[in-house]
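These protein sequence lines map, in sequence, to chains A and U.
Under our numbering, the first residue of the first sequence is numbered 1, with each subsequent residue one higher.
Under our numbering, the first residue of the second sequence is numbered 1, with each subsequent residue one higher.
Step one of this worksheet: look at the structure below.
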Amino acid sequence: GAVVSQHPSRVICKSGTSVKIECRSLDFQATTMFWYRQFPKQSLMLMATSNEGSKATYEQGVEKDKFLINHASLTLSTLTVTSAHPEDSSFYICSATDSSYEQYFGPGTRLTVT
Amino acid sequence: AQSVTQLDSQVPVFEEAPVELRCNYSSSVSVYLFWYVQYPNQGLQLLLKYLSGSTLVKGINGFEAEFNKSQTSFHLRKPSVHISDTAEYFCAVIRSPNDYKLSFGAGTTVTVRA
């Protein structure tokens, strides 16, 4: 099956710094990638949709200047949390699709902002 | 607006007993339905999906689900659970045929006890 990786799996950063999370599709070309945020014991919340070579589309309420998304190639999308604060601490999950109706999910990145 | 309702937030079950996780959706258009499983601190793994065809869908790990259009339901079942089935289960739906975005239910925590 299709494999999506995320790096890093865990990251701890200080308040005010920026953190970059990578999402890669390892064995297929991902025309679209999605970024989700998941709080403890809760469901996934879609943050943005990323298409290769174009600007990401953000869901209502998600600050595009705080959560920078770059989809530079058909196998790589990055999410940068800028000027992170403790309330940004969360589990971030990406998914990728090859234009089918199935999304392949990465293993997630646990971000802790101290 | 499309939404997904998972009627049970927590389902405790004994090993080798059957389990059913309920999911209802609301939509006025054709839908594509999914069940995902999430183990602690991991991403999501697809259990099964309904896109068209037979309303009884068989997935991995012995799970199956039945699409019921008249009741707008897509309940997940397994006739005999194992300890390893302890996880979070999410029902999800594609919002429209032209939109790859997933809407997730709140999730159901399944705890299997010996």
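We put the CB at the ideal spot given by N, CA and C, even for glycine.
- Around the C-beta of A:Lys55, fewer than 16 other C-beta atoms lie within 10 Å, and the residue is accordingly described as exposed.
- A distance of 7 angstroms or more separates the beta carbons of U:Val110 and U:Tyr25.
- Here U:Glu16 carries a coil assignment [DSSP, helix/strand/coil].
- For the segment 13-39 of chain U, the beta-carbon criterion of a distance under 9 angstroms to any beta-carbon of chain A is satisfied by Tyr32, Phe34, Tyr36, Gln38.
- U:Asn41 carries a coil assignment under DSSP once its states are collapsed to helix, strand and coil.
- Around U:Phe90, the beta-carbon contacts reaching into chain A at under 9 angstroms are Ser43, Leu44.
- Assignment of beta-bridge partners to U:Glu66 by DSSP yields U:Leu56, U:His75.
- When the five nearest sequence neighbours on each side are left out, the beta carbons in the same chain lying within less than 6 angstroms of the beta carbon of U:Val4 are those of Tyr25, Cys91, Val93, Ser103, Gly105, in order along the chain.
- DSSP places A:Phe34 inside the beta strand (DSSP E), whose first and last residues are 32-38.
- Counting C-beta atoms within 10 angstroms of its own C-beta, A:Arg10 has fewer than 16 neighbours from the protein chains shown and is therefore classed as exposed.
- In this structure, the beta-carbon distance from A:Val19 to A:Ala72 does not fall below 7 angstroms.
- Counting only Cβ-Cβ distances below 8 angstroms, A:Tyr101 has contacts in chain U at Tyr32, Lys49, Leu51, Ile94, Tyr100, in chain order.
- Within the segment 36-97 of chain A, the complete beta strand (DSSP E) segments of 3 residues or longer fall at 44-51, 67-73, 76-81, 90-97, listed in chain order.
- Taking 7 angstroms as the upper bound on Cβ-Cβ separation, chain U lies near residues Thr32, Ser43, Leu44, Leu46, Thr49 of the segment 18-51 of chain A.
- For A:Lys14, there is no enclosing beta strand (DSSP E), as DSSP gives it neither H nor E.
- Phe91, Ile93, Cys94, Ser95, Thr97, Ser99, Ser100, Tyr101, Glu102, Gln103, Tyr104, Phe105, Gly106, Pro107, Gly108, Arg110: these are the residues of the segment 87-111 of chain A whose beta carbon lies less than 9 angstroms from some beta carbon of chain U, given in chain order.
- Two segments are said to touch when three or more pairs of C-beta atoms, one from each, lie closer than 8 angstroms; by this definition the segment 22-31 of chain A does not touch the segment 9-20 of chain U.
- Apart from sequence neighbours up to five positions away, the residues of its chain that approach A:Asp98 with a beta-carbon distance below 7 angstroms are Phe28, Gln29, Ala30, Thr31, ordered along the chain.
- A Cβ of chain A is located within less than 7 angstroms of the beta carbon of U:Phe104.
- Contact check for A:Val4 and A:Ser100: beta-carbon distance about 14 angstroms, past the 8 angstroms limit, so the pair fails to qualify.
- Using a Cβ distance threshold of 7 angstroms, A:Arg24 and A:Thr78 do not count as a contacting pair.
- Here DSSP, grouped into helix, strand and coil, assigns U:Asn61 to helix.
- Taking CB atoms only, U:Leu76 has no neighbour in chain A less than 7 angstroms away.
- Close CB contacts of U:Val112 within its chain, under the 6 angstroms cut and outside five residues either way in sequence, are with Val13, Glu15, Val81, Ile83, Asp85, Thr86 (chain order).
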